[in-house]
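Chains as they are written, first to last, in the numbering used here: chain D, 1 to 509; chain B, 1 to 509.
Number of protein chains: 2
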Amino acid sequence: MCPTADTSQDLIGQITLLLCDYLRSQGDQSQPVSRVLGPEQLQQVFAAAGIPLSLEDSHEGTAPKELLAAVRLALQYSVRTGSPKFLNQLYARADPISLAADWLVSALNCNVHTYEAAPVLTAVEVEVLDKLAACIGEPYTSTHDGLFVPGGSLSNYYGIHLARNRADPQYKQRGSYGGPCMVAFTSEHAHYSYLKAAFVTGLGTDNLISIPCDAAGGILPDKLEQAINSAKAVGKVPFFVGATAGTTVLGGFDPFQDLAAICTRHNLWLHIDGAWGAACLLSPRHRHLMEGCEQADSLAWNPHKLMGLPLQCAAFLTRHPGMLKASCGANASYLFGEDRLHADYDLGDKTMLCGRRGDAFKLWLEWKAYGTAGFARKVEHSFRLAEHFEKAVRASGGKFALVQARSYVNVCFWWVPPPMRPFTADSAPSEALDTLAKVTPAIKSKMQHAGDALINFQPLGSLPNFFRIVFSSALSIREEDLDGLLNRMDQYGQGVWQAARQPDLQPML
Amino acid sequence: MCPTADTSQDLIGQITLLLCDYLRSQGDQSQPVSRVLGPEQLQQVFAAAGIPLSLEDSHEGTAPKELLAAVRLALQYSVRTGSPKFLNQLYARADPISLAADWLVSALNCNVHTYEAAPVLTAVEVEVLDKLAACIGEPYTSTHDGLFVPGGSLSNYYGIHLARNRADPQYKQRGSYGGPCMVAFTSEHAHYSYLKAAFVTGLGTDNLISIPCDAAGGILPDKLEQAINSAKAVGKVPFFVGATAGTTVLGGFDPFQDLAAICTRHNLWLHIDGAWGAACLLSPRHRHLMEGCEQADSLAWNPHKLMGLPLQCAAFLTRHPGMLKASCGANASYLFGEDRLHADYDLGDKTMLCGRRGDAFKLWLEWKAYGTAGFARKVEHSFRLAEHFEKAVRASGGKFALVQARSYVNVCFWWVPPPMRPFTADSAPSEALDTLAKVTPAIKSKMQHAGDALINFQPLGSLPNFFRIVFSSALSIREEDLDGLLNRMDQYGQGVWQAARQPDLQPML
Chain D
1 MCPTADTSQD LIGQITLLLC DYLRSQGDQS QPVSRVLGPE QLQQVFAAAG IPLSLEDSHE
61 GTAPKELLAA VRLALQYSVR TGSPKFLNQL YARADPISLA ADWLVSALNC NVHTYEAAPV
121 LTAVEVEVLD KLAACIGEPY TSTHDGLFVP GGSLSNYYGI HLARNRADPQ YKQRGSYGGP
181 CMVAFTSEHA HYSYLKAAFV TGLGTDNLIS IPCDAAGGIL PDKLEQAINS AKAVGKVPFF
241 VGATAGTTVL GGFDPFQDLA AICTRHNLWL HIDGAWGAAC LLSPRHRHLM EGCEQADSLA
301 WNPHKLMGLP LQCAAFLTRH PGMLKASCGA NASYLFGEDR LHADYDLGDK TMLCGRRGDA
361 FKLWLEWKAY GTAGFARKVE HSFRLAEHFE KAVRASGGKF ALVQARSYVN VCFWWVPPPM
421 RPFTADSAPS EALDTLAKVT PAIKSKMQHA GDALINFQPL GSLPNFFRIV FSSALSIREE
481 DLDGLLNRMD QYGQGVWQAA RQPDLQPML
Chain B
1 MCPTADTSQD LIGQITLLLC DYLRSQGDQS QPVSRVLGPE QLQQVFAAAG IPLSLEDSHE
61 GTAPKELLAA VRLALQYSVR TGSPKFLNQL YARADPISLA ADWLVSALNC NVHTYEAAPV
121 LTAVEVEVLD KLAACIGEPY TSTHDGLFVP GGSLSNYYGI HLARNRADPQ YKQRGSYGGP
181 CMVAFTSEHA HYSYLKAAFV TGLGTDNLIS IPCDAAGGIL PDKLEQAINS AKAVGKVPFF
241 VGATAGTTVL GGFDPFQDLA AICTRHNLWL HIDGAWGAAC LLSPRHRHLM EGCEQADSLA
301 WNPHKLMGLP LQCAAFLTRH PGMLKASCGA NASYLFGEDR LHADYDLGDK TMLCGRRGDA
361 FKLWLEWKAY GTAGFARKVE HSFRLAEHFE KAVRASGGKF ALVQARSYVN VCFWWVPPPM
421 RPFTADSAPS EALDTLAKVT PAIKSKMQHA GDALINFQPL GSLPNFFRIV FSSALSIREE
481 DLDGLLNRMD QYGQGVWQAA RQPDLQPML
């Protein structure tokens, strides 16, 4: 029953045809972005197709027909991130060329730890890091080191780890115990991976100081310097500032010039989490948002976000060559012995991990295909959409209210129930805030069930749940699509509001 | 010139055809496993095809013809891990069905952090973890938690991190500073990721105690208990034992029953790095090697190794539900708010990272295709090849010498120059050891340049460079292939030896 060498080769061909069909239709706006099924319903759908999700009874293999049915269901019930209506996350549609490159990387199945095992993928990774460094500018253009890593969180860990090793050269051997009490600083709007880094690296959240931001989400430099001085005054040792280019919710940028000056004054490592925002460097019109970033000691940049590469494609860069090897190298003789051919080109010993997928190749092929100019067009189109959307919110006659003026391609807004218009958060009674906290998820749920646009929401500090729309890798979205979207959201909002006013439907809010 | 929406869709089709051709021919023994080109030669080859590796001049895009040329070159000059002659690493040929599933995961481009964004991939991940847990047996079958992670090193980090949080509940908040001096234990043959974990988690290598092994690579339990008592005697706090199922070089298994008894006595967390060896659990004939593993607190298992899945596919499992969330959870409201549909099914807050590729899906489809029985056949075939190879080394009349009797599917051996036969390392003069240290890399280099089988080598303790052949996901290899391989290796050896005896060629050793 189960596949043989021949039929498995046939199967990959058949599955590939299904995938190519899927990709051709991914821009189709008439398809629901997601079909909401709970876990039990999903179980039923797969079981009905003769291929239950459970592997409990999978002692023997399954016939190709059922395997193909499973592939069809996986395509049908997964969220269509390639749809122009997928506006939920900082990643979205993967471009077909980088996707083909991703498939090639998997087909090769080479581990990019040694040049011996992956010569092409190693050489390509070095070239792509050179190019990203050149986009940052001097001193990176001339002097840098880096790695592709499985995700931006890990890049932030690298930043902290290298900083720690520079500040405390005995750390690798002695560990934290018996050393100084080190402290790191980041903004209140920074990504939670800084917090997780504090868990994992033994820093502890007590020693990760959160600095307040201005309304746009940029860190307040004076507050940072005060906190550094306060920490020093009680005998702690500041070593790291974790800045952000493009905060997750508001899309705020920290003032890098100011931060660099502070870090120089206090001899701290400046790392920029540019997972989301560093793509601005590709656009002559918008790269000013990154001004001063070249002074950072290290930087995270995720091409799988605004640049439209498939997950994962994430780069870590530093302007200190040798620090990766010094902080992470273990010199495992079974892998990195010097008596191997071209061993000095091996990348693997610089990493925290061991096995490495060749993620740089997809960015390389995409760059070759579209050029820097192509990426600039993509970034600038995303900005244009965000500008258009922000204007439309402002012009909505109070139906929608902006949470904050836009810095980047995130637009944060509420749908406002009619009696609460015009709405301003500052002067709103707590009752109104409670209402928005419930109305926003109810609208989202309505949209999900309708298969309409997926848009994320969250609270932030004292601000109740609001929508955050993001325009990532968005060449397939047109401005008029956004006008239609706002109209539909208003209708969903009205529906939710009408229903909530009928006593027997109150529970839905 | 550069691709448009239409041509990029065409291109993915054309690249897919090239990939399918490549996959069909991957078992072709007449193809060289690798074509050795140094970095400069690779540059030349790509430049000559009109698509230089450098991105320096890539302001505008490149025509599809050059992109296809680049794809062809990447296929041609990458190491053919799908060849039956690729015996270099613990991963090898990826099965076409799991590869197709991997392509699907990339095409979907869903991030498996929330159920909302990836319902199918989330549900599948839970099912696959259930199945792996059931393969371990009770108590895992009934009670477990886990994650798919980008690589076994990270699984080992999770083991240490959870152990640390259990032993020192204030760790997440307070960090290491101001806490007790914690110590961990692992064997001298354990994977270097334990060492890297000591760098990264702030434990420090001073506090990672290396315990001696027997000749087969299994940790000596008495030595472990002595070391634990010695650490306690000087006021340190032991918390973690990092065991290994299938060491990287010798393929040794630690005695898990004994380790579990020691860990119970001293209240330590027992983690097993089964990245390479846990696949034994799938074979009724060989699962005895894992005896006692079900007593471990956590376990790493990489299906991208002996099970033949494409990189990355790596699972972390623990029998302590809730510990992942307690040790890693940050409750980011923008992602994991409770007012989302099915938010209690979200997997993302249990991880150290954020973005997650749906790697579990490829294991799910592969399991459906071949069943547990199919994996058992794969594992048992690998064992048969290793047994056959070991016998052939023993029967080689001294041409080859075993480093150590085989425990698993690693066979470690030397080619022995004629005057040194019969060779035993124990009684060999240091001159002979020096000779082997040079002969082994010279043979490897000859084989690489000939495009012949790739087989890893390394020193180990006082043992000079020896070959380690491994049989990973090896259904395409026949026993007679191995006889031919040994004959050819002997010829390469003789060639190296003859050349070294001519004074003007001496430098090659």
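For every residue, glycine included, the Cβ atom is placed at its ideal position computed from N, Cα and C. Predicted, not measured: the structure shown is a model, and the values here were computed from it.
Please classify Arg166/D as buried or exposed, where buried requires at least 16 other C-beta atoms within 10 Å of its C-beta.
Within the first sequence, the letter at position 166 stands for residue 166/D. Classification for Arg166/D: buried.
Neighbour list for Asp102/B in chain D, Cβ cutoff strictly below 7 angstroms
If you number the second sequence from 1, residue 102/B lands on position 102. Per Cβ cutoff of 7 angstroms: Ser106.
How many angstroms separate the CA atom of Ala216/B from the CA atom of Ile160/D?
Residue 216/B sits at position 216 when you count from the first residue of the second sequence. Residue 160/D sits at position 160 when you count from the first residue of the first sequence. One C-alpha to the other measures close to 39 angstroms.
Less than 8 angstroms separating the beta-carbons of Ala376/D and Leu282/D?
By one-based count along the first sequence, residue 376/D stands at place 376. By one-based count along the first sequence, residue 282/D stands at place 282. Yes; because the gap between Cβ atoms is below 8 angstroms, this pair is in contact.
Contacting positions in the region 191-202 of chain B - beta carbon closer than 8 angstroms to chain D:
His191, Tyr192, Ser193, Leu195, Lys196, Ala198, Phe199, Val200, Thr201 and Gly202
Check this for me: beta carbons of Tyr194/D and Ser176/B, under 8 angstroms apart or not?
Within the first sequence, the letter at position 194 stands for residue 194/D. Within the second sequence, the letter at position 176 stands for residue 176/B. Cβ distance not < 8 angstroms, so Tyr194/D and Ser176/B don't count as in contact.
Does Ile51/D have its Cβ less than 8 angstroms from a Cβ in chain B?
As a first step, residue 51/D must be located in the first sequence, where it is residue number 51. At least one chain B Cβ lies under 8 angstroms of Ile51/D.
Positions along the region 440-455 of chain D whose CB lies within less than 7 angstroms of some CB in chain B:
Pro441, Ser445 and Gln448
What number of angstroms, rounded off, separates the C-alpha of Pro119/D from the C-alpha of Ile477/D?
By 1-based counting over the first sequence, the position of residue 119/D is 119. By 1-based counting over the first sequence, the position of residue 477/D is 477. So the alpha carbons of these two residues sit roughly 38 angstroms apart.
For His59/D, is the classification buried or exposed, using 16 other Cβ atoms within 10 angstroms of its Cβ as the cut-off for buried?
As a first step, residue 59/D is located in the first sequence; it is residue number 59 there, counting from the start. Answer is exposed; the Cβ neighbour count stays below 16.
Mind checking which residues open and close the beta strand (DSSP E) that includes Trp414/D?
Stepping through the first sequence from its first residue, residue 414/D is reached at position 414. Note, Trp414/D: beta strand (DSSP E), Asn410 to Trp415.
With 16 other Cβ atoms within 10 Å as the buried cut-off, status of Asn111/D
The residue labelled residue 111/D in the question sits at position 111 within the first sequence. With 16 or more other Cβ atoms within 10 Å, it is buried.
Can you have a look at Gln531/B and say buried or exposed, based on whether 16 or more other CB atoms are within 10 angstroms of its CB?
In the structure displayed, chain B extends from 1 to 509; residue 531/B sits before or after that span and is not available.
With distances taken Cα to Cα, identify the nearest neighbour of Glu225/B among Gly495/B, Leu132/B, Leu363/B and Phe185/B.
One-based indexing of the second sequence puts residue 225/B at position 225. Of the listed residues, the one whose Cα sits closest to Glu225/B is Phe185/B.
Simplified DSSP assignment, three categories, for Ala243/D:
Numbered from its first residue, the first sequence carries residue 243/D at position 243. Of the three classes helix, strand and coil, the one that applies to Ala243/D here is strand, per DSSP.
State the start and end residues of the unbroken beta strand (DSSP E) segment that holds Gln458/D.
Within the first sequence, numbered from 1, the residue matching residue 458/D stands at position 458. Start and end: Leu454 to Leu460.
So, Tyr115/D versus Asn109/B, is the Cβ gap smaller than 8 angstroms?
The residue you call residue 115/D lines up with position 115 of the first sequence. The residue you call residue 109/B lines up with position 109 of the second sequence. The answer is no: Cβ separation not under 8 angstroms.
4 or more residues per run - each alpha helix (DSSP H) lying fully within the region 45-95 of chain D
64-77
If you drop the 5 nearest sequence neighbours on each side, which residues of the same chain put their C-beta closer than 8 angstroms to that of Val249/D?
Taking the first sequence and counting its residues from 1, the one referred to as residue 249/D is at position 249. Answer for Val249/D: His189, Gly217, Asn410, Cys412, Gln458, Leu460 and Arg468, listed in chain order.
Reference Pro559/B, options Lys223/B, Asp452/B and Leu268/B, closest by Cα:
The requested residue 559/B does not occur in the structure, where chain B is confined to residues 1 to 509.
Output needed for Pro150/D: all residues of its chain with C-beta closer than 6 angstroms, excluding positions within five of it in sequence on either side, in chain order.
Residue 150/D sits at position 150 when you count from the first residue of the first sequence. Cβ within range, chain order: Gln312.
Which of the three DSSP states, helix, strand or coil, is assigned to Asp511/B?
In the structure as shown, chain B begins at 1 and stops at 509. Residue 511/B is therefore absent and cannot be evaluated.
Tell me which same chain residues have a C-beta within less than 8 angstroms of the C-beta of Phe517/D, skipping the five on either side of it?
This structure gives no information on residue 517/D, because the portion of chain D shown stretches from 1 to 509.
Residues of chain B with CB under 8 angstroms from Ser142/D, in chain order?
Here the question's residue 142/D lines up with position 142 in the first sequence. Neighbours of Ser142/D on chain B: none; closest Cβ ~13 angstroms, over 8 angstroms.
Are there 16 or more other CB atoms within 10 angstroms of the CB of Asn487/D, so buried, or fewer, so exposed?
Along the first sequence, read from residue 1 onward, the residue named residue 487/D stands at position 487. By the neighbour-count rule (16 or more Cβ atoms within 10 Å), Asn487/D is not buried but exposed.
Would you say Cys328/D lies against chain B (beta-carbon separation less than 8 angstroms)?
Here the question's residue 328/D lines up with position 328 in the first sequence. Judged by the 8 angstroms Cβ criterion, Cys328/D is in contact with chain B.
Quick one: is Gly50/B buried, meaning 16 or more other Cβ sit within 10 Å of its Cβ, or exposed?
Within the second sequence, the letter at position 50 stands for residue 50/B. Under this definition Gly50/B is an exposed residue.
Val200/D and Tyr157/D - do their beta-carbons sit closer together than 8 angstroms?
Within the first sequence, the letter at position 157 stands for residue 157/D. Within the first sequence, the letter at position 200 stands for residue 200/D. Contact flag set, yes.
Chain D beta carbons: is any one of them nearer than 8 angstroms to that of Lys65/B?
Start at 1 with the first residue of the second sequence, and residue 65/B comes out as number 65. By this cut-off, Lys65/B is not an interface position.
Check the DSSP bridge columns for Ala184/D and list the partner residues they point to.
In the first sequence, counting from the first residue as 1, residue 184/D sits at position 184. Beta-bridge pairing links Ala184/D to Leu208/D and Phe240/D.
What residues from chain B crowd round Lys368/D, counting only those whose CB sits closer than 8 angstroms?
As a working note, residue 368/D is residue 368 in the first sequence. Within chain B, the residues near Lys368/D are Ile51, Leu55, Ser58, Gly61, Thr62, Glu66, Leu67 and Ala70.
Where Gln448/D falls, given that 16 or more other Cβ within 10 Å makes a residue buried
Here residue 448/D refers to the residue found at position 448 when the first sequence is read from its first residue. Under this definition Gln448/D is a buried residue.
Output yes if chain D places a C-beta closer than 8 angstroms to the C-beta of Lys172/B; else output no.
Within the second sequence, numbered from 1, the residue matching residue 172/B stands at position 172. At least one chain D Cβ lies under 8 angstroms of Lys172/B.
Suppose you measure from the CA of Gly274/D to the CA of Thr16/D; what does that come to, to the nearest Å?
Within the first sequence, residue 274/D is the residue found at index 274, counting from 1. Within the first sequence, residue 16/D is the residue found at index 16, counting from 1. Computed Cα separation, rounded: 34 angstroms.
Report the neighbours of Val411/D on chain B: residues whose CB is nearer than 7 angstroms to its CB, in chain order.
What you label residue 411/D is simply residue 411 of the first sequence in a count that begins at 1. The contacting residues do not exist; Val411/D stays about 15 angstroms from chain B at best.
Could you give the distance in angstroms between the alpha-carbon of Arg357/D and the alpha-carbon of Ala123/D?
Here residue 357/D refers to the residue found at position 357 of the first sequence. Here residue 123/D refers to the residue found at position 123 of the first sequence. Spanning the two alpha carbons is a distance of roughly 14 angstroms.
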